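Down below is the structure, laid out as structure tokens.
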Amino acid sequence: MDIQDYLRRYGTATQPELAQQFRTTFEMVEMVAETLRTKGKVRFTKVLPACASGACSGSCAQTPKHDEGKRVPVRVYEWIGTKP
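When we follow our numbering, the leftmost residue of the sequence shown carries the number 23, and every step to the right adds one.
As structure tokens, then:
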């Protein structure tokens with residue numbers, strides 16, 4: 023399974039999720055996603071995690087932070103190509 027297959031199957035995924043799933047860097051995920059975007063198969067947005075406290079156990083707790091206490095937008099990729 024590659025990034026395209028993953029997005030086609032699950033619909034959406036964050037950049038950290040894809041990097042972890044495929045054991046690669048955020049930059050590599052970005053390169054693949056940009057190729058898929060130019061082909062009209064993926065779109066992406068940036069969202070802020072809902073939890074600012076860092077006390078939750080959801081995905082926002084694993085969001086990278088540049089400065090302590092500041093949330094950093096997370097890139098979310100959404101499959102818009104044809105479904106299997």
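Glycine residues also receive a C-beta, built at the ideal position from the N, C-alpha and C atoms. Just so it is clear, the structure is predicted and the values come from calculations on it, not from any experiment.
Can you list, in chain order, the residues of its chain with a C-beta nearer than 7 Å to that of residue i? Leave out the 5 residues immediately preceding and following it.
i, result
"T85", "With a pLDDT of only 49 at T85, under the threshold of 50, the placement of this residue in the model should not be trusted; the figure read from the coordinates follows. The answer, listed in chain order, is P71, R93, V94 and V96."
"L58", "Q26 and V64"
In this structure, does DSSP put residue i in helix, strand or coil?
i, result
"V98", "strand"
"R31", "helix"
"T104", "coil"
"T46", "coil"
"R93", "coil"
Would residue i and residue j qualify as a contact pair, given that the criterion is a beta-carbon distance under 8 Å?
i, j, result
"V98", "V54", "no"
"G33", "G62", "no"
If we count the other Cβ atoms within 10 Å of its Cβ and call it buried at 16 or more, is residue i buried or exposed?
i, result
"Q42", "exposed"
"T36", "buried"
Leaving out five residues before and five after residue i in sequence, what residues of the same chain have Cβ atoms less than 8 Å from its Cβ?
i, result
"E100", "L29, G33, T34, V64, R65, F66 and T67"
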